[in-house]
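Step one of this worksheet: look at the structure below.
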Amino acid sequence: MHANSFAVDLHRALHLVAGGIRSAGNSERLVLVSLTQPITPGVDPAQIFARSARFSEARTFFSQPAEGCWIVGAGEASAISVSGKRRFRDAVLAHRAMVDSVIVGEGGFSPPGPLFFACFGFSPDVPQDGPWKEIPNGLLILPRWIFVKRRDACWARVNLLVNRKTCVDELQDHLRKEADGLLSPAEPSFNSSITVPKDELSFERWRRSVQEVLAEIQRGKVTKVTLARTLQLRAAAAISPEPVLERLLTAYPSCIVFAVARPGMCFLGATPEELVSLEEGRARSTCMAGSAWRFAANGDQPAAAGSLVWGEKELREHAVVADWVGERMGKFCRELDRDRVPQAVRIGHLYHLATHFSGAAQSGTHALDLVAALHPTPAVAGIPLEPALGMIRRLEPDDRGWYGGPMGWLDGRGGGQFGVAIRSALLRGDQALLYAGAGLVEGSDAETEYEETEMKFVPLLSALGVA
915 MHANSFAVDL HRALHLVAGG IRSAGNSERL VLVSLTQPIT PGVDPAQIFA
965 RSARFSEART FFSQPAEGCW IVGAGEASAI SVSGKRRFRD AVLAHRAMVD
1015 SVIVGEGGFS PPGPLFFACF GFSPDVPQDG PWKEIPNGLL ILPRWIFVKR
1065 RDACWARVNL LVNRKTCVDE LQDHLRKEAD GLLSPAEPSF NSSITVPKDE
1115 LSFERWRRSV QEVLAEIQRG KVTKVTLART LQLRAAAAIS PEPVLERLLT
1165 AYPSCIVFAV ARPGMCFLGA TPEELVSLEE GRARSTCMAG SAWRFAANGD
1215 QPAAAGSLVW GEKELREHAV VADWVGERMG KFCRELDRDR VPQAVRIGHL
1265 YHLATHFSGA AQSGTHALDL VAALHPTPAV AGIPLEPALG MIRRLEPDDR
1315 GWYGGPMGWL DGRGGGQFGV AIRSALLRGD QALLYAGAGL VEGSDAETEY
1365 EETEMKFVPL LSALGVA
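Residue numbers (our numbering): 915 to 1381.
Shown next as structure tokens:
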């Protein structure tokens, strides 16, 4: 970020704050003030993420490098925790309540503000122990500062919650200090060496779990179950998310690269799978299921997509998921278009089968309505859903936490975009917990599926400097 690329118009901000205080009156009701202003294009989103650590451990990041779009949040104006079976509905109500109280300065930007980040666990339950203990199951986050790039436009927003008790002079001082921190270049950070512990029993545990799933498939109890593995890494010192994020942005431009940092932790990754987006009345979803990895004779280059021959197992796995997603998307769309045949999508050394859906959303649809209808898809859970979830809880030794859950943003009108948080890792201190999963259907082979999960660990291992 150049020194002249971003400056806070404190006069306008404080004028809006004064209006918010008047609106609150004598009550202690908080009023949201949201000021937007354009900034110079060419801002580095990874630098904003790094610089914001100077004044807050709470940071958020959502980027599609190939699309030239990103949203970065620094600090928090508000963070609302949700959990349980009503968590998506509770998040919708909290979102609408906050938006209804907003005083917005400088409108006309798209997506319309204020912008929120939201992330949800794979399961609605709150882990009682393990690495996800004390981390909220679901969060609706309104960043204090938010920076947005869409196509050739770039702008910044500052969000402030005020009432009659707000001290304007103190607020002004805080804004100046935070803006100075966002403008000053960040020192580059590096991670120390990271070791991968040997686990001789890892495959044997996996093989037994796969056998149990295949036995249930043979009995007709389930059609598909997606099992996940974890890989626990340890570094010589605390792991910094900044270099990991920068490597993911460089290596996986076609993915959604995301990060949510909270005190003492950061969850980040590069997902190829868009769960849902809702913008200007148009709903989209990408179903991704079925994977393959093929290499040319020299051993290090993936084969061309057209040369792949997809097996019956991969095609069957994909069809199950695509039909499921299409049926649920159809309930929210007046019309629904989908790919006639699955498309081969390359992510690193892996190919995935993908089917894209799009349609005109019914009036009044909120992005989280679509999230609630689609999560968890069979791509990360299974079919039928409840028996598959039961097997996941029984066979997986580690809680999934936010892995496989919805991760994305919301605008001020209920639109937004969410990815499925796969190809991801939880960083806590000097430890990293990586996740990778594989879909099991009739005909699945334990060794082949294990190799698939090994390939799916590669993005985060590479970003951590391990492979």
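Think of the CB as a built atom: it goes at the ideal place given N, C-alpha and C, for glycine as much as any other residue. These numbers were taken from a predicted model, which means no experiment stands behind them.
query, result
"Do you know offhand how far Glu1241's Cα is from His1232's?", "14 Å"
"Which of the three DSSP states, helix, strand or coil, is assigned to Pro979?", "helix"
"Three or more C-beta pairs under 8 Å: does that hold for the region 1356-1370 against the region 1057-1069?", "no"
"Beta-carbon separation of Ala1206 and Gly1225 under 9 Å?", "yes"
"Considering only their Cβ atoms, is the gap separating Val1110 from Val945 smaller than 9 Å?", "no"
"Would you decide whether Pro1311 is buried or exposed? Buried here means 16 or more other CB atoms lie within 10 Å of its CB.", "exposed"
"Which residues bound the beta strand (DSSP E) around His1263?", "No beta strand (DSSP E) holds His1263; DSSP gives it neither H nor E."
"Does any heavy atom of the ligand NAP sit closer than 8 Å to the C-beta of Tyr1364?", "The model depicted lacks the ligand NAP and carries no ligand whatsoever."
"Per DSSP, what kind of secondary structure is Pro955 in: helix, strand or coil?", "coil"
"Hey, how far is the Cα of Asp1325 from the Cα of Pro1050?", "22 Å"
"So the candidates are Thr1362, Ser941, Glu1300 and Phe1117; which of them puts its Cα closest to the Cα of Thr1080?", "Ser941"
"So within the region 1078-1109, which uninterrupted alpha helix (DSSP H) runs reach at least 4 residues, ignoring any that extend past its ends?", "1082-1097"
"So Val931 and Ile985 are supposed to be a Cβ contact under 8 Å. How far apart are they, rounded?", "So it is not a contact: roughly 24 Å between Cβ atoms."
"In this structure, does DSSP put Ser995 in helix, strand or coil?", "strand"
"Once you ignore the five residues that flank Gly998 on each side, which residues in its own chain have a CB closer than 6 Å to its CB?", "Pro1038"
"Relative to the alpha-carbon of Gly1319, which residue among Ala1293, Gln961, Glu1193 and Ala967 has its alpha-carbon at the smallest distance?", "Ala1293"
"Quick one: Cα of Met1243 to Cα of Leu1192, how far?", "12 Å"
"Note down, in chain order, each residue of its chain lying with its Cβ closer than 6 Å to the Cβ of Ser1272, except the 5 sequence neighbours on either side.", "Arg1198 and Asp1251"
"Could you pull out every unbroken beta strand (DSSP E) segment of at least 3 residues lying fully inside the region 1269-1325, listed in chain order?", "1320-1324"
"Specify, as a first and last residue, the run of the beta strand (DSSP E) that Tyr1166 falls within.", "Counting along the chain, Tyr1166 falls outside any beta strand (DSSP E), and DSSP gives it neither H nor E."
"Could you pull the DSSP bridge partners for Leu1250 from this structure?", "Gly1273"
"Thinking C-alpha only, which one of Pro1102, Gln978, Pro1256 and Phe969 is nearest Phe1332?", "Gln978"
"Any idea what DSSP makes of Glu1188, helix, strand or coil?", "strand"
"Would you list the residues sitting across from Ile985 in a DSSP beta bridge?", "Phe976 and Val1062"
"Where does Ser1205 fall in DSSP's three states?", "strand"
"On a CA-only basis, which of Pro1155, Ala1350, Pro1186 and Arg936 is nearest Leu1141? Give me that one, please.", "Ala1350"
"Checking the sheet assignment: what are the DSSP bridge partners for Ala938?", "In DSSP, Ala938 forms no bridge with anything."
"Please classify Arg1001: is it buried, with 16 or more other beta-carbons within 10 angstroms of its beta-carbon, or exposed?", "buried"
"Relative to the C-alpha of Gly1183, which residue among Leu1096, Ala1339 and Leu1029 is closest?", "Ala1339"
"In terms of alpha-carbon separation, which member of Pro1167, Ala1203 and Ala1287 lies closest to Glu870?", "Any answer about residue 870 is impossible in this case: the structure gives the chain only from 915 up to 1381."
"Mind checking who Leu1348 pairs with in its DSSP beta bridge?", "Leu1145 and Ala1339"
"Can you tell me whether Gly1322 is buried or exposed? The criterion is at least 16 other CB atoms within 10 Å of its CB, across all chains shown.", "buried"
"Would you kindly work out how many angstroms separate the C-alpha atoms of Ser992 and Gly1330, rounded to a whole number?", "18 Å"
"How is the beta strand (DSSP E) around Arg1071 delimited, first residue to last?", "Ala1067 to Val1076"
"Less than 8 Å between C-beta atoms, sequence neighbours within five positions excluded: which residues of the same chain meet that for Phe1104?", "Ser1154 and Pro1157"
"What does Arg1198 pair with, by DSSP beta-bridge criteria?", "Ser1191 and Ser1272"
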